[in-house]
Amino acid sequence: MYEWIKAFHVIAVIAWMAGMLYLPRLFVYHCAADKGSVQSETFKIMERRLLRAIITPAMIATWLLGLWLAWQGPDSRYGWFASGWFEAKLVLVLALSALHGFIARWVKDFAADRNRHSAKFYRIINEIPTVLMIGIVILAVVKPF
Ligand code: HEM
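Quick note: the sequence shown uses the working numbering, first residue 97, plus one each step.
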């Protein structure tokens, strides 16, 4: 059972990360499209669908399956919560979830033609999920402490 849940956890993680890496890239292109243009309206649809149909459900699934795994960990009372790698992973995963919240807000801003940031800003933001993902996967797989 544990191994099955872990497999579905990793599948949910892949769907979540795919969207988290792609949406800021869409924002970079969206910045270059004139407000009201066909291109801009197409980006709005792509962004809304990606957020609602993929990354928000994938984030919820990742959390539910991950927390279930965490309670089944080796410590009889605290599961994986008693392990250093897991506590560090939790911090990075909370940061990723906060970024998810910001991305959801930016999708809403673009939808209302009220984007307040530059293409360069979204280019920098685009690096954050990559760095967090590298840290999280190393902690979860290598468990260095
Ligand atoms: C959202 C909250 C999350 C929680 C509570 C959580 C929790 C867990 C737990 C308890 C395990 C089992 C570890 C083991 O059995 O060795 C696990 C496995 C794993 N998690 Fe997460 N996780 C979360 C999010 C993520 C994210 C965002 C990623 C990647 C970006 C990720 C990547 C992985 C990987 C690759 C494994 C497999 C590790 C292995 O089998 O060696 N997790 N997760």
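The C-beta atom is built at its ideal place from N, Cα and C for all residues, glycine as well.
If you look at Ser193, you'll find it in the alpha helix (DSSP H) that goes Gly180 to Ala207. The C-beta separation of Pro120 from Ile221 comes to about 5 Å, placing the pair in contact by the 8 Å criterion. Residues Ala129 of the same chain have their beta carbon placed closer than 6 Å to that of Ser136, with the five preceding and five following residues left out of the count. One thing to note: Met97 has its Cβ no nearer than 8 Å to the Cβ of Leu122. No residue range can be given for Ile151, since it is assigned to no alpha helix (DSSP H) and is classified by DSSP as neither H nor E. Contact annotation: Trp100 and Thr158 have beta-carbon atoms that are not nearer than 8 Å. The Cβ atoms of Phe104 and Tyr125 lie no closer than 8 Å to each other. At a cut-off of 7 Å, the beta-carbon of Lys140 does not count as near ligand 1: no heavy atom of the ligand is closer than that.
Between the region 160-178 and the region 192-203 there are fewer than three inter-stretch CB-CB distances shorter than 8 Å, so the stretches are not counted as touching. Membership of Met116 in the alpha helix (DSSP H) is indicated by the continuous run Tyr98 to Cys127. DSSP, reduced to helix, strand and coil, places Gly169 outside both helices and strands of the structure shown, so it counts as coil.
Of the heavy atoms belonging to ligand 1, at least one sits nearer than 7 Å to the Cβ of Met113.
One Cα belongs to Leu188, the other to Trp164, and the distance between them is close to 18 Å. Cβ-Cβ distances below 7 Å link Phe241 to Gly180 and Trp181 in the same chain, with the five nearest sequence neighbours on each side left out; the list follows chain order.
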